[in-house]
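Enquirer: One structure coming up, written as structure tokens, with questions to follow.
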Amino acid sequence: MEHGSTNLGPRRALAIGLVLLLVLLGAALVVPAATAHGFPAASRSTPTLSDLALGPRVAVPLAGKLPPTPVSGPPYMGSVSVFVTLRLQNQSRLAALLTGLSDPSSPQYHQYLSAREFTAEFSPSASAYQLAIAYFSGTSGVRLTSYPNRIGLLLEGPGPAVGALFGVSFARGGALTSSYYSPEGTPTLPALLATEIGSVDGLSSYGTATPATTRAIASGPAAAPNAKAAGYPVPTPCGSSGEQCVWGSDLQVAYNEQALLSITYPTHEVVATILWAGQNSQGQPVGPYVPNDIYDYFNLTLPAGEPHSTVVPVPYDGAPMPGISASNDTTGATGENTLDLEMVGSTAPGASIYNVYGNGPGSAETDGALAFILSPTGYPGLANVSVISNSWGSLDSNDSSWVPMLQEAQARGITVLAATGDAGSNPSSNYSVGSQVEFPSVMAYNSFGVTAVGGTALTLNADPGSSAFLSIISQPAWYEPQSGSGPIGSSGGVSRYFAEPSWQLTSEANAVIAATGSSGRGVPDVAAIAQDMFVLATTSGTQLTYRDFGTSVATPVVAGLVAEADAVLVRYHQSN
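Take full-length UniProt numbering: the final residue in the sequence shown is number 576, and no numbers are missing along the way.
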């Protein structure tokens, strides 16, 4: 078992959380103006680039995944992306606020901040941020992305140029088929700047992320559901063993969402998904999805009269726009993006869905995606985001770059979801990332963090003449001991990087965690359907119907449900 995580197995992991929905919602609290904790102080001026060059250098705090042994391979001269976070201000006040937001006895309960209020009170000082920009943009060939909330910076450029900023060079490590780059030596920064830096992520490509979709089986040419009843598709036998396949809109009935939808649709809600675009067989970048697939899915499956979601592509790092090129993807990214969008739009009909994606699965790229969602430029609608969905995972580890961003999300009442993975807590699975639980789903603390979404094997009543049509017959943990890719299923377990949050101590999860002899964060928190979901996707120019499996089915499904719950609370004037 690699990288220290405890295996619960799929059935015990499910005991940690089969509740369908966990929602933390809120609005605004007026707070005092910010007080800078770093420079400039009243007694001195802001350091200059000359001060940084002449002063000493110190080691920087590294975030994310690092190889277990130092690299010793040939030099790496390719592109490197690094995400740098700066320290938030007023940490004690922030800790008190985050605790109060979840405490029903506190006057701060559910009194969430606006983005502007959070930046004014807690973001790094403007002078610290400008000095960091000046330093990191001072090397030729390095591109810099900054953010209005001043929490992070995304650096991209040739390895030698990026390495020079941190006083290191890069070398290759690992086997030929799984090679990665990592720094030689200890990364450093000028001491006067390092005091303002919270973490540096992306200096190593070890343990990059993977989508949480295990299989996508083509079922034939794209077609409308075989039959509908009461406006919803009738589940269809599929597969060699007659498994039941369903469509996304069926879950509106299965998960009792109709009562909420009868009050209001989530037409003013914003959901963001984080992933990346793929490549074709020649290694050329392609779009993240084919737009017609998404809109055809809504047209064919949603009940008449329901609003359809609008999908907004948000490429960064030079990633291509959506289009037919996505049908030539060979990495699985197109299928994953398509699945995310079709599922969110099925359980949040009418919501705006922002698909935020870069060129690849590096940790700095996913850091940058989260940073952009929280502090966007050029996409004013994204500023209203209420749910963020992550259908990907990587090694169980502490990517501390996410800490200030998750703190901001919680302070603003934004729900962050992540898939727990598809290896079934079995290291023999082809979908094992090298640890039994996965980042970011394990990243949760006492008062903020990620909600982990696991998967179930859902069976619905498929009799259109029954009064219980589409109601749940069974939903055990999703696990298949034998498949074409070895064992697959909903991953779950206990992290050794994150302590058990206080709120798990009083849940049934605590007994399961304690039985392992551990005291770490247990996942999943909630679970939803993770197998035999029909989707539409275009491959090599031809639109097909696919059967999809994975906790990346469950995660966007739950994201849509949370968005609808948000909409109902707003409708009843409980947006706080």
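Note that beta-carbon positions come from the ideal geometry of N, C-alpha and C, so glycine has one too.
Can you check whether the CB of leucine 260 is closer than 8 Å to the CB of valine 568?
Expert: As a working note, residue 568 is residue 568 in the sequence shown. As a working note, residue 260 is residue 260 in the sequence shown. Yes; because the gap between Cβ atoms is below 8 Å, this pair is in contact.
Enquirer: So, helix, strand or coil for tyrosine 135, using DSSP?
Expert: Position 135 of the sequence shown, counted from the first residue, corresponds to residue 135. Note: tyrosine 135 maps to helix in three-state DSSP.
Enquirer: Determine the DSSP secondary structure at asparagine 299, reduced to helix, strand or coil.
Expert: As a working note, residue 299 is residue 299 in the sequence shown. Reduced to three states, the DSSP call for asparagine 299 is helix.
Enquirer: CB alanine 554 to CB glycine 454, shorter than 8 Å?
Expert: The sequence position of residue 554 within the sequence shown is 554, counting from 1. The sequence position of residue 454 within the sequence shown is 454, counting from 1. In this structure, glycine 454 lies closer than 8 Å to alanine 554 by Cβ.
Enquirer: Return helix, strand or coil for glutamine 279, following the three-state DSSP convention.
Expert: Locating residue 279 in the sequence shown gives position 279, where the first residue counts as 1. If DSSP states are grouped into helix, strand and coil, glutamine 279 belongs with the strands.
Enquirer: Identify the continuous alpha helix (DSSP H) that holds glutamate 342 and give its terminal residues.
Expert: What you label residue 342 is simply residue 342 of the sequence shown in a count that begins at 1. 333-347 is the span of the alpha helix (DSSP H), which, as asked, contains glutamate 342.
Enquirer: Expressed to the nearest angstrom, what Euclidean distance is found between the alpha-carbon atoms of threonine 366 and glycine 64?
Expert: For this step, residue 366 is matched to residue 366 along the sequence shown. For this step, residue 64 is matched to residue 64 along the sequence shown. Taking the straight line from one Cα to the other gives about 11 Å.
Enquirer: Expressed to the nearest angstrom, what Euclidean distance is found between the alpha-carbon atoms of glycine 73 and alanine 326?
Expert: Locating residue 73 in the sequence shown gives position 73, where the first residue counts as 1. Locating residue 326 in the sequence shown gives position 326, where the first residue counts as 1. Their Cα atoms are separated by approximately 35 Å.
Enquirer: Any beta-carbon of chain B closer than 8 Å to the one on serine 81?
Expert: Going by chain labels, chain B is absent from the structure shown, which holds only one protein chain.
Enquirer: What does DSSP give as the partner residues of methionine 533 in its beta bridges?
Expert: As a first step, residue 533 must be located in the sequence shown, where it is residue number 533. For methionine 533, which the question treats as bridged, DSSP gives the partners Val246, Asp548.
Enquirer: For leucine 406 and isoleucine 414, what's the separation of their Cα atoms in angstroms?
Expert: Locating residue 406 in the sequence shown gives position 406, where the first residue counts as 1. Locating residue 414 in the sequence shown gives position 414, where the first residue counts as 1. Approximately 9 Å between the Cα atoms of the pair.
Enquirer: My assumption, with CB atoms under 8 Å, is that tyrosine 181 sits in contact with alanine 171. Please give the rounded CB distance.
Expert: Your numbering for residue 181 matches position 181 in the sequence shown. Your numbering for residue 171 matches position 171 in the sequence shown. So it is a contact: roughly 7 Å between Cβ atoms.
Enquirer: How close, in whole Å, do the beta carbons of valine 311 and leucine 341 come, if the pair is a contact with beta carbons under 8 Å?
Expert: As a first step, residue 311 must be located in the sequence shown, where it is residue number 311. As a first step, residue 341 must be located in the sequence shown, where it is residue number 341. Contact holds; Cβ gap of about 5 Å.
Enquirer: Quick check on this structure: which residue in Leu154, Val162, Ser137 has the alpha carbon closest to the alpha carbon of threonine 145?
Expert: On the sequence shown, residue 145 is found 145 positions in, with the first residue counted as 1. Of Leu154, Val162, Ser137, the residue nearest in Cα terms is Leu154.
Enquirer: Along the chain, where does the beta strand (DSSP E) that runs through asparagine 390 open and close?
Expert: Numbered from 1 along the sequence shown, position 390 holds the residue referred to as residue 390. Unbroken beta strand (DSSP E) run through asparagine 390: 385-390.
Enquirer: Excluding sequence positions up to five away, which residues of its chain have a Cβ less than 6 Å from the Cβ of alanine 528?
Expert: Locating residue 528 in the sequence shown gives position 528, where the first residue counts as 1. Taken in chain order, the residues that qualify are Ala554, Val557, Val558.
Enquirer: Let's see if you can read the secondary structure: which residues bound the alpha helix (DSSP H) around residue 621?
Expert: Outside the shown range of the chain, which is 1 to 576, sits residue 621, and nothing can be said about it.
Enquirer: Would you kindly check if the distance between the Cβ of phenylalanine 498 and the Cβ of glycine 520 is under 8 Å?
Expert: The sequence position of residue 520 within the sequence shown is 520, counting from 1. The sequence position of residue 498 within the sequence shown is 498, counting from 1. Taking 8 Å as the Cβ cut-off, glycine 520 and phenylalanine 498 qualify as a contacting pair.
Enquirer: On the criterion of 16 or more Cβ atoms from any shown chain inside 10 Å, does isoleucine 373 qualify as buried, or is it exposed?
Expert: To locate residue 373, count along the sequence shown from 1; it is residue 373. That one is buried.
Enquirer: As a quick exercise: from Tyr109, Thr208, Val271, Ala457, pick the residue whose alpha carbon is nearest that of tyrosine 479.
Expert: Within the sequence shown, the letter at position 479 stands for residue 479. Among Tyr109, Thr208, Val271, Ala457, the Cα nearest to that of tyrosine 479 belongs to Ala457.
Enquirer: Would you mind working out which of Ser102, Leu192, Glu196, Thr236 sits nearest arginine 547, comparing C-alpha positions?
Expert: By 1-based counting over the sequence shown, the position of residue 547 is 547. Out of Ser102, Leu192, Glu196, Thr236, Thr236 has the C-alpha closest to the C-alpha of arginine 547.
Enquirer: List the DSSP bridge partners of tyrosine 180.
Expert: Position 180 of the sequence shown holds residue 180. DSSP output for tyrosine 180 lists Gly173 as bridge partner(s).
Enquirer: By the 10 Å Cβ neighbour count, where 16 or more other Cβ atoms means buried, how is valine 526 classified, buried or exposed?
Expert: As a first step, residue 526 must be located in the sequence shown, where it is residue number 526. By the neighbour-count rule (16 or more Cβ atoms within 10 Å), valine 526 is buried.
Enquirer: For valine 168 versus glycine 185, is the C-beta spacing smaller than 8 Å?
Expert: If you number the sequence shown from 1, residue 168 lands on position 168. If you number the sequence shown from 1, residue 185 lands on position 185. Yes; because the gap between Cβ atoms is below 8 Å, this pair is in contact.
Enquirer: In terms of alpha-carbon separation, which member of Gly541, His573, Val562 lies closest to asparagine 292?
Expert: Position 292 of the sequence shown, counted from the start, is the residue given in the question as residue 292. For asparagine 292, the nearest C-alpha among the options comes from Gly541.
Enquirer: Less than 6 Å between C-beta atoms, sequence neighbours within five positions excluded: which residues of the same chain meet that for leucine 14?
Expert: Taking the sequence shown and counting its residues from 1, the one referred to as residue 14 is at position 14. Because the pLDDT of leucine 14 is 40, which lies under 50, any placement of that residue in the model is unreliable, and the question is left without a value.
Enquirer: Could you check whether alanine 333 and alanine 283 sit closer than 8 Å to each other, using their CB atoms as the reference points?
Expert: Numbered from its first residue, the sequence shown carries residue 283 at position 283. Numbered from its first residue, the sequence shown carries residue 333 at position 333. The amino acid occupying residue 283 in the given sequence is glycine; alanine does not appear at that position. No. Outside cutoff.
Enquirer: In whole angstroms, what is the alpha-carbon distance linking serine 441 and glutamate 196?
Expert: Position 441 of the sequence shown, counting from 1, holds the residue named residue 441. Position 196 of the sequence shown, counting from 1, holds the residue named residue 196. Looking at the two C-alpha atoms, the distance is approximately 27 Å.
Enquirer: Counting C-beta neighbours from all protein chains within 10 Å, is the total for isoleucine 263 16 or more, i.e. buried, or is it exposed?
Expert: For this step, residue 263 is matched to residue 263 along the sequence shown. Exposed.
Enquirer: Considering only residues of the segment 463-535, which uninterrupted beta strand (DSSP E) runs meet the minimum length of 3 residues and lie entirely inside it, listed in chain order?
Expert: Counting whole runs of 3 or more residues, the segment 463-535 contains the beta strand (DSSP E) stretches 472-474, 493-499, 520-523, 526-529.
Enquirer: Could you give the C-beta distance for leucine 300 and alanine 224, rounded to a whole number, given that I count them as a contact under 8 Å?
Expert: Within the sequence shown, residue 300 is the residue found at index 300, counting from 1. Within the sequence shown, residue 224 is the residue found at index 224, counting from 1. Indeed they touch by this definition, with Cβ atoms about 5 Å apart.
Enquirer: Given this structure, state the Cα-to-Cα distance separating valine 433 from asparagine 328, to the nearest angstrom.
Expert: Here residue 433 corresponds to residue number 433 of the sequence shown, with the count starting at 1. Here residue 328 corresponds to residue number 328 of the sequence shown, with the count starting at 1. So the alpha carbons of these two residues sit roughly 25 Å apart.
Enquirer: Classify asparagine 430 as buried or exposed, calling it buried when 16 or more other Cβ atoms lie within 10 Å of its own Cβ.
Expert: Taking the sequence shown and counting its residues from 1, the one referred to as residue 430 is at position 430. Flag for asparagine 430 reads exposed.
Enquirer: In chain order, what residues of the same chain have a beta carbon less than 7 Å from the beta carbon of alanine 462, not counting five sequence neighbours either side?
Expert: Locating residue 462 in the sequence shown gives position 462, where the first residue counts as 1. Taken in chain order, the residues that qualify are Val234, Pro235, Gln244.
Enquirer: To which residues does DSSP link alanine 452 through a beta bridge?
Expert: As a first step, residue 452 must be located in the sequence shown, where it is residue number 452. DSSP lists Ala418 as partners of alanine 452.
Enquirer: Assuming the contact rule is C-beta atoms closer than 8 Å, alanine 126 and asparagine 149 should be a hit. Round their C-beta distance to whole Å, please.
Expert: Sequence index remark: in the sequence shown, residue 126 carries index 126 (1-based). Sequence index remark: in the sequence shown, residue 149 carries index 149 (1-based). Incorrect: roughly 11 Å between the Cβ atoms, too far for contact.
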